[in-house]
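*Asks:*
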Amino acid sequence: MHQGRMRRSIVAVAVVAGATLAAAGPAGAASASGCSGEASSVSSGGEPLDQVSAPGGGGTRSDPFTVEPDGPVSWDGQSDTVITDGRWEVTSSLFSTSGTFDNDDEDQSSEGTKKMTDYVPALLVLPGTYEVDVSVTGEGGSCAVTGFIEVDASPLASAWVIASLVLLPLSLLMLITGRPEALGALAAPADTPPSPTTPPDGGAP
Amino acid sequence: MSADVQRHPFKCLLGGLLLGISLSILAQAFGLVVVASTTAVGIIAVGIVLGIVAAYALPAKRPKAAAHPS
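Protein sequence lines, in the order shown, are assigned to chains W and B.
The opening residue of the first sequence carries number 6 in the working numbering; numbering runs sequentially from there.
The opening residue of the second sequence carries number 330 in the working numbering; numbering runs sequentially from there.
1) Just to check my reading of the structure: residue 87 of chain W and residue 145 of chain W have Cβ atoms closer than 8 Å, yes? What is that Cβ distance to the nearest angstrom?
2) Note down, in chain order, every chain B residue with its Cβ under 9 Å from the Cβ of residue 162 of chain W.
3) May I ask you to report which of helix, strand or coil DSSP gives residue 154 of chain W?
4) Please tell me whether residue 69 of chain W and residue 154 of chain W are closer than 9 Å, where the distance is taken between their beta carbons.
5) At which residues does the alpha helix (DSSP H) containing residue 349 of chain B begin and terminate?
6) Mind pulling the chain W residues with CB within less than 9 Å of residue 344 of chain B?
7) Which residues, in order along the region 350-362 of chain B, keep a beta-carbon less than 8 Å from a beta-carbon of chain W?
8) For residue 160 of chain W, name the three-state secondary structure that DSSP assigns.
9) What are the boundary residues of the beta strand (DSSP E) that residue 79 of chain W is part of?
10) Can you tell me where the beta strand (DSSP E) with residue 49 of chain W in it begins and where it stops?
11) Under 8 Å, with one C-beta from each stretch per pair, do the region 106-113 of chain W and the region 61-68 of chain W reach the 3-pair mark?
12) Just confirm the distance between the C-beta atoms of residue 354 of chain B and residue 131 of chain W, as a whole number of angstroms; I'd bet it's less than 8 Å.
13) Residues in its own chain within less than 7 Å of residue 368 of chain B by CB, not counting five upstream and five downstream?
14) Taking 9 Å as the cut-off, decide whether the C-beta atoms of residue 390 of chain B and residue 186 of chain W are in contact.
15) On the DSSP bridge list, what partners appear for residue 412 of chain B?
16) Candidates B/387, B/358, B/388: which alpha carbon is nearest residue 166 of chain W's?
17) Rounding to the nearest angstrom, what Cα-Cα distance links residue 30 of chain W and residue 98 of chain W in this structure?
18) Looking at C-alpha atoms only, which residue of W/48, W/38, W/101, W/84 is the closest neighbour of residue 136 of chain W?
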């Protein structure tokens with residue numbers, strides 16, 4: 006197996022994909038076509054966290070593949086056919102990334118280890134469950150994987166959450182103070198002319 | 330009574346937009362929903378509708394009565 010070239014080519018695709026999400030998806034009710042693979046995640050402290058295989062179990066909405074932003078994810082995958090000169094794409098509501106590959110060695114398998122923070126700064130990671138789509142298309146075939154991952158991290162460590170906690174009361178304040186205002190309903194007219202019967206000095210002799 | 334009403338549509342729409350964005354982020358972060366892009370857009374749209382309601386459908390605030398000299 007030619008590790009060096011693989012990572013640069015098609016397999017780099019899987020690297021990104023498998024790194025955090027891709028391999029996570031292909032399981033149970035998750036869909037995978039044109040390829041298969043396994044992935045396992047480890048906590049940032051080095052303890053085993055979760056594993057998934059496609060086809061197999063895990064990576065579904067009810068049983069997402071759990072990863073930690075700083076925890077490494079090891080994966081290996083195989084494509085059903087040799088795919089060369091193509092494009093890979095990983096999309097989710099957390100982030101999207103894509104690239105091209107050549108796979109001159111015509112490899113059908115690859116493996117690697119990646120962390121989510123290799124692609125997203127830890128401060129910008131938003132915890133929660135995400136649907137992830139991975140696709141590889143090129144000459145000779147294609148591979149598509151859809152699954153769910155759960156990013157296990159403290160919400161209060163995310164800049165997005167902190168910003169939202171600040172914006173929430175601010176937005177409510179804007180809505181409350183933005184109510185329509187009646188103009189001059191009770192105010193006295195500003196330019197009331199003085200009564201002609203009353204001299205300005207009070208009529209003193 | 331005067332029928333003149335001063336509205337603040339930009340302020341309300343911005344408030345609704347920010348409300349929708351912040352709620353969708355918090356819902357995702359605390360695991361209340363799996364936010365797909367369509368879900369996030371839906372939550373933000375609800376915020377914008379709230380902004381429109383606040384700007385055009387709420388009854389106008391009455392100005393405070395001026396103090397009467399005795």
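No residue lacks a Cβ here, since even glycine has one placed at the ideal position from N, Cα and C.
*Replies:* The short version:
1) To locate residue 87 of chain W, count along the first sequence from 1; it is residue 82. To locate residue 145 of chain W, count along the first sequence from 1; it is residue 140. Going by Cβ atoms, the distance from residue 87 of chain W to residue 145 of chain W rounds to 5 Å, so yes, they are a contact pair.
2) In the first sequence, counting from the first residue as 1, residue 162 of chain W sits at position 157. Contact annotation for residue 162 of chain W against chain B: no contact, minimum CB-CB distance about 10 Å [criterion: below 9 Å].
3) Translated into the one-based positions of the first sequence, residue 154 of chain W becomes position 149. Note: residue 154 of chain W maps to strand in three-state DSSP.
4) Along the first sequence, one-based indexing puts residue 69 of chain W at 64. Along the first sequence, one-based indexing puts residue 154 of chain W at 149. Yes, the Cβ-Cβ distance between residue 69 of chain W and residue 154 of chain W is below 9 Å.
5) Taking the second sequence and counting its residues from 1, one reaches residue 349 of chain B at position 20. Looking at the DSSP string, the run of the alpha helix (DSSP H) that includes residue 349 of chain B is 338-358.
6) As a position in the second sequence, residue 344 of chain B is number 15, starting the count at 1. Near residue 344 of chain B (Cβ distances below 9 Å), the residues of chain W are 175, 176, 177, 178, 179, 180, 181, 182, 183.
7) 350, 351, 352, 354, 355, 357, 358, 359, 360
8) Position 155 of the first sequence holds residue 160 of chain W. Three-state DSSP puts residue 160 of chain W in a helix.
9) Taking the first residue of the first sequence as position 1, residue 79 of chain W is located at position 74. Unbroken beta strand (DSSP E) run through residue 79 of chain W: 78-84.
10) Position 44 of the first sequence holds residue 49 of chain W. No beta strand (DSSP E) holds residue 49 of chain W; DSSP gives it neither H nor E.
11) no
12) As a first step, residue 354 of chain B is located in the second sequence; it is residue number 25 there, counting from the start. As a first step, residue 131 of chain W is located in the first sequence; it is residue number 126 there, counting from the start. The Cβ separation is near 7 Å, so the contact holds.
13) Position 39 of the second sequence, counted from the first residue, corresponds to residue 368 of chain B. The answer, listed in chain order, is 362.
14) The count along the second sequence starts at 1 and reaches residue 390 of chain B at position 61. The count along the first sequence starts at 1 and reaches residue 186 of chain W at position 181. Yes, these two residues count as a Cβ contact at 9 Å.
15) The structure shown has nothing for residue 412 of chain B, since chain B only spans 330 to 399.
16) In the first sequence, counting from the first residue as 1, residue 166 of chain W sits at position 161. Out of B/387, B/358, B/388, B/358 has the C-alpha closest to the C-alpha of residue 166 of chain W.
17) Mapped onto the first sequence, residue 30 of chain W falls at position 25. Mapped onto the first sequence, residue 98 of chain W falls at position 93. Residue placement at residue 30 of chain W is flagged as unreliable, the pLDDT there being 38, under the threshold of 50; a coordinate-derived value is accordingly withheld.
18) Counted from its first residue, the first sequence places residue 136 of chain W at position 131. Closest option to residue 136 of chain W, Cα to Cα, is W/101.
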